[in-house]
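These notes concern the structure reproduced below.
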Amino acid sequence: MESRGGNSHFVDRAFAKHLVLIYYWVNVVYYWLAPRSAYHLSYEVEVHAATTYAKYLALNGHDDKILEILNDEMQHSHELLKAMEMIK
């Protein structure tokens, strides 16, 4: 995102940094209260990211870096599914 101008404004950088901190601590509490549901939420986030990257590739053509990220997102989603199975 930075290489495409996503960090050109201070407000964008500050918002992203604070949002990540909030997301992290909400997840810490969520994992403590309901681990299976927390893994499911993370799984849904990974699937949404993979879908977004796939749409980007469909609209903009082949991009090796985006394809690498897409494959990484899919791998993470499969790992999260395995983790959910272990918690049952």
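For any residue, its number in my numbering is found by taking its place in the sequence shown, counting from 1, and adding 73. All residues carry an ideal CB built from backbone N, CA and C; glycine is no exception. Quantities reported herein were computed from a predicted structural model and do not represent experimental measurements.
Taking the Cα positions, Y103 is about 8 Å away from S110. Distance from the Cα of E141 is smallest, within the candidate group M157, A123 and K155, for A123. With respect to the 9 Å criterion, E119 and E146 are classified as neighbours on the basis of their beta carbons. For S110, the enclosing alpha helix (DSSP H) has its first and last residue at P108 to N133. Classified as exposed, Y96 has fewer than 16 neighbouring CB atoms from the shown chains inside 10 Å of its CB.
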